[in-house]
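A short worksheet on the structure shown next.
In my numbering, the protein residues as written are 142 to 357.
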């Protein structure tokens with residue numbers, strides 16, 4: 142389950158205190174969705190927190206005075222604090238649901254830690270033998286450095302500007318990740334290293350039983 146991001150993106154323009162007031166209702170709706178799924182027979186839940194929204198080129202390129210404070214890696218401090226607060230509430234909700242549904246498996250994945258690490262330690266991440274060189278720039282965008290993002294132009298506004306070296310970038314269009322970045326993120330999600338409790342994704346997958354006469 143990977144939901145709630147658009148709800149967060151829709152309130153990030155508000156003052157910090159007002160955003161924090163919006164978070165509990167958002168998390169409450171996610172809880173209702175999980176409870177509804179459980180009521181209808183679901184027993185295993187893999188729930189993702191939100192990522193480092195303050196590191197998205199879209200947010201960096203369009204930030205106003207309220208978001209001038211950047212951290213040591215160039216990400217917007219205020220927005221990332223909102224993301225971390227949201228994840229804390231969601232993780233606590235998962236803790237409660239484990240008690241409520243003791244016979245079910247409920248795993249929370251810290252997507253913020255995974256995606257922020259991709260920015261903070263981008264030189265250590267390799268894909269197809271090539272390192273990520275531009276952690277805060279849009280791959281398929283317009284405007285050039287530092288973010289290569291223009292809200293008035295879509296990614297495909299000019300085909301000649303389509304990114305040919307996606308493995309060097311984290312962000313494809315300012316919001317979504319490149320295939321190279323997603324591959325790294327997926328490997329960390331599957332590993333269980335960033336999960337509460339620490340369970341590998343493959344361990345929670347029920348494999349279909351082979352038919353007795355199957356030759357496969």
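Here a beta-carbon is modelled for each residue, glycine too, at the ideal position from N, C-alpha and C.
All figures in this text were calculated on a predicted structure; none of them were measured in a lab.
In whole angstroms, what separates the C-alpha of residue i from that of residue j?
| i | j | result |
| --- | --- | --- |
| residue 212 | residue 218 | 6 Å |
| residue 329 | residue 155 | 32 Å |
| residue 208 | residue 250 | 27 Å |
| residue 223 | residue 189 | 16 Å |
| residue 272 | residue 325 | 12 Å |
| residue 235 | residue 195 | 24 Å |
| residue 337 | residue 150 | 25 Å |
| residue 178 | residue 171 | 11 Å |
| residue 192 | residue 327 | 13 Å |
| residue 265 | residue 180 | 44 Å |
| residue 158 | residue 166 | 14 Å |
| residue 279 | residue 169 | 33 Å |
| residue 269 | residue 231 | For residue 269, the predicted structure reports a pLDDT of 49, less than 50, and the residue's modelled location is therefore unreliable. The matter cannot be settled from this model. |
| residue 331 | residue 147 | 24 Å |
| residue 162 | residue 228 | 14 Å |
| residue 175 | residue 237 | 12 Å |
| residue 289 | residue 182 | 46 Å |
| residue 248 | residue 255 | 15 Å |
| residue 307 | residue 253 | 22 Å |
| residue 293 | residue 317 | 17 Å |
| residue 309 | residue 243 | 44 Å |
| residue 206 | residue 274 | 28 Å |
| residue 221 | residue 313 | 20 Å |
| residue 284 | residue 291 | 6 Å |
Are the Cβ atoms of residue i and residue j separated by less than 8 Å?
| i | j | result |
| --- | --- | --- |
| residue 335 | residue 245 | no |
| residue 115 | residue 153 | Nothing can be reported for residue 115: it is not among the residues displayed for the chain, which extend from 142 to 357. |
| residue 287 | residue 311 | no |
| residue 216 | residue 260 | yes |
| residue 204 | residue 164 | no |
Using 10 angstroms around the beta-carbon of residue i, count the other beta-carbons present and answer buried if the total reaches 16, otherwise exposed.
| i | result |
| --- | --- |
| residue 322 | buried |
| residue 356 | Here residue 356 scores only 49 on pLDDT, less than 50, and its place in the model should not be relied on; the value that follows carries that caveat. Classification of residue 356: exposed, given that the 10 Å Cβ count is below 16. |
| residue 202 | buried |
| residue 315 | buried |
| residue 415 | With the chain covering 142 to 357 only, the question about residue 415 has no answer from this structure. |
| residue 295 | exposed |
| residue 297 | exposed |
| residue 241 | exposed |
| residue 257 | buried |
| residue 319 | buried |
| residue 282 | buried |
| residue 184 | exposed |
| residue 173 | exposed |
| residue 199 | buried |
| residue 339 | exposed |
| residue 262 | exposed |
Who are residue i's beta bridge partners in DSSP?
| i | result |
| --- | --- |
| residue 244 | Answer is none; residue 244 lacks a bridge partner. |
| residue 186 | 247 |
| residue 175 | In the DSSP output, where bridge partners are listed per residue, residue 175 has none listed. |
| residue 279 | 312 |
| residue 125 | Only positions 142 to 357 of the chain appear in this structure, which leaves residue 125 out of reach. |
| residue 217 | 211 |
| residue 318 | 312 |
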